[in-house]
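Student:
In the working numbering, the protein residues as written are 3 to 210.
#1: How is residue 176 classed by DSSP in three states: helix, strand or coil?
#2: Below 8 Å between beta carbons: does that hold for residue 172 and residue 111?
#3: Between the region 89-105 and the region 170-184, can you find at least three pairs of beta-carbon atoms closer than 8 Å?
#4: Take residue 32 and list the residues in its own chain whose beta-carbon comes closer than 6 Å to its own, dropping the five residues that flank it on each side.
#5: Would you mind reading off the limits of the alpha helix (DSSP H) that contains residue 95?
#6: Round the Cβ separation of residue 7 and residue 95 to the nearest angstrom and send it over; I've been treating them as touching at under 8 Å.
#7: Spell out the partners DSSP gives residue 6 in its beta bridges.
#8: Nearest to residue 156 by CA position, among 11, 5 and 15, is which residue?
#9: I think residue 176 touches residue 74, with their Cβ atoms under 8 Å apart; what is that distance to the nearest whole Å?
#10: Buried or exposed: residue 123, going by 16 or more other Cβ atoms within 10 Å of its Cβ?
#11: Compute the Euclidean distance between the alpha carbons of residue 148 and residue 159, then round it to the nearest angstrom.
#12: Tell me which residue opens and which closes the beta strand (DSSP E) that residue 186 is part of.
#13: Since residue 83 contacts residue 45 with CB under 8 Å, what's their CB separation in whole angstroms?
#14: Cβ atoms of residue 24 and residue 93: under 8 Å apart, would you say?
#15: Nearest to residue 30 by CA position, among 206, 201 and 130, is which residue?
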């Protein structure tokens with residue numbers, strides 16, 4: 003079976019990490035080789051970039067365009083070092099965030115130029131797009147409540163509720179504009195129900 007690139011997207015606290023782990027276990031039970039990865043932070047260089055991007059530093063704030071460029075740098079490294087080689091060997095890659103995150107967070111959330119974002123995404127990816135993107139759609143308030151019940155919040159998680167609502171709007175519009183690639187999954191249900199839905203989508207989109 004040829005490699006597949008599947009991305010999991012959504013606002014903070016949507017359940018991406020849990021659903022990716024469950025999905026990986028299911029795929030491995032089908033004797034499919036799986037790579038779990040994430041952006042930012044899917045490479046050694048990416049781990050350092052992730053720390054720069056997500057650690058809160060009131061005295062040294064990350065500027066909005068700087069943030070965008072750091073995400074692009076992480077992505078370019080990730081694609082060459084991890085995504086392309088593993089796809090070439092036939093692995094199913096499950097990736098926590100990809101280009102849609104940049105559009106939703108830096109475009110809709112920060113209000114940066116969509117033209118600039120699309121140009122940088124094209125440079126960083128070399129045209130590599132996901133075979134399938136699972137958008138775990140949860141209410142912003144519910145997602146943030148889940149996050150705030152956990153450990154300390156990172157720089158993005160500490161943004162205003164208005165910011166996170168703009169991000170959610172971004173995902174909504176992306177899903178409408180590209181239904182052949184992005185599939186909405188209601189993330190408000192139980193873990194088992196959400197996972198069953200994702201498996202059904204995989205069977206329909208990737209295995210049929």
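C-beta: ideal position from N, C-alpha, C; glycine also.
Tutor: Short version:
#1: Taking the first residue of the chain shown as 1, we reach residue 176 at position 174. Helix at residue 176.
#2: Against the chain shown, residue 172 aligns to sequence position 170. Against the chain shown, residue 111 aligns to sequence position 109. Their beta carbons are under 8 Å apart, which means residue 172 touches residue 111 by this criterion.
#3: yes
#4: As a working note, residue 32 is residue 30 in the chain shown. Answer for residue 32: no residue qualifies.
#5: Counting from one through the chain shown, the residue named residue 95 turns up at place 93. For residue 95, no alpha helix (DSSP H) encloses it; the enclosing beta strand (DSSP E) starts and ends at 94-98.
#6: Taking the chain shown and counting its residues from 1, the one referred to as residue 7 is at position 5. Taking the chain shown and counting its residues from 1, the one referred to as residue 95 is at position 93. Contact holds; Cβ gap of about 5 Å.
#7: Along the chain shown, read from residue 1 onward, the residue named residue 6 stands at position 4. Paired residue(s): 94.
#8: Looking up residue 156 in the chain shown gives position 154. Residue 15 is the option with its Cα nearest to residue 156.
#9: Along the chain shown, one-based indexing puts residue 176 at 174. Along the chain shown, one-based indexing puts residue 74 at 72. Their Cβ separation, rounded to whole angstroms, is 18 Å, which puts residue 176 and residue 74 out of contact at 8 Å.
#10: Translated into the one-based positions of the chain shown, residue 123 becomes position 121. Its Cβ being crowded by 16 or more others within 10 Å, residue 123 is buried.
#11: For the purposes of this step, residue 148 is identified with residue 146 of the chain shown, where counting begins at 1. For the purposes of this step, residue 159 is identified with residue 157 of the chain shown, where counting begins at 1. If you draw a straight line from the Cα of residue 148 to the Cα of residue 159, it comes to about 11 Å.
#12: Here residue 186 is taken as the residue at index 184 of the chain shown, counted from 1. Residues 184-188.
#13: Start at 1 with the first residue of the chain shown, and residue 83 comes out as number 81. Start at 1 with the first residue of the chain shown, and residue 45 comes out as number 43. A Cβ-Cβ separation of about 5 Å places residue 83 in contact with residue 45 under the 8 Å criterion.
#14: As a position in the chain shown, residue 93 is number 91, starting the count at 1. As a position in the chain shown, residue 24 is number 22, starting the count at 1. No; because the gap between Cβ atoms is not below 8 Å, this pair is not in contact.
#15: On the chain shown, residue 30 is found 28 positions in, with the first residue counted as 1. It is 201 whose Cα lies nearest to the Cα of residue 30.
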